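Visitor: Mind looking over this structure? Questions follow.
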Amino acid sequence: MVEENMSFEDNLKELEEIVANLEKGDVPLDDAIEEFKKAMDLVKACDDKLKDAQDTIAKIVKDNGEIADFDVEQ
Numbered sequence: 631m632v633e634e635n636m637s638f639e640d641n642l643k644e645l646e647e648i649v650a651n652l653e654k655g656d657v658p659l660d661d662a663i664e665e666f667k668k669a670m671d672l673v674k675a676c677d678d679k680l681k682d683a684q685d686t687i688a689k690i691v692k693d694n695g696e697i698a699d700f701d702v703e704q
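Take the sequence shown: its letters are residues 631 to 704, numbered as in the numbering used here.
Written out as structure tokens, the structure is:
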């Protein structure tokens, strides 16, 4: 399971390591399945963080490109 407090960059680095390991082709099947599951959890965590960042940016920037009033605590 992926730790929620890991940064996007840490999740991405771990995902890249898993992919590199699986690409070698010498991982036993059961281990490969577990690694694949973990990789999918990391993909979801990265996607969630990207969506949060996109929402934050959308709140900061209005449609016409002007900076909107934004409360960081939201």
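Cβ coordinates follow ideal geometry from the N, Cα and C atoms, glycine included. Computed from a predicted structure; not experimentally measured.
#1: Where does A669 land, buried or exposed, given buried means 16+ other C-beta within 10 angstroms?
#2: Kindly indicate which three-state DSSP category V691 falls into: helix, strand or coil?
#3: Using the three-state DSSP reduction, which class does V657 fall into: helix, strand or coil?
#4: Mind checking N635: buried by the 16 CB within 10 Å criterion, or exposed?
Guide: Looking at the atomic coordinates:
#1: buried
#2: strand
#3: In the structure shown, V657 sits in coil (DSSP, three-state: anything other than H, G, I, E or B).
#4: So N635 ends up on the exposed side.
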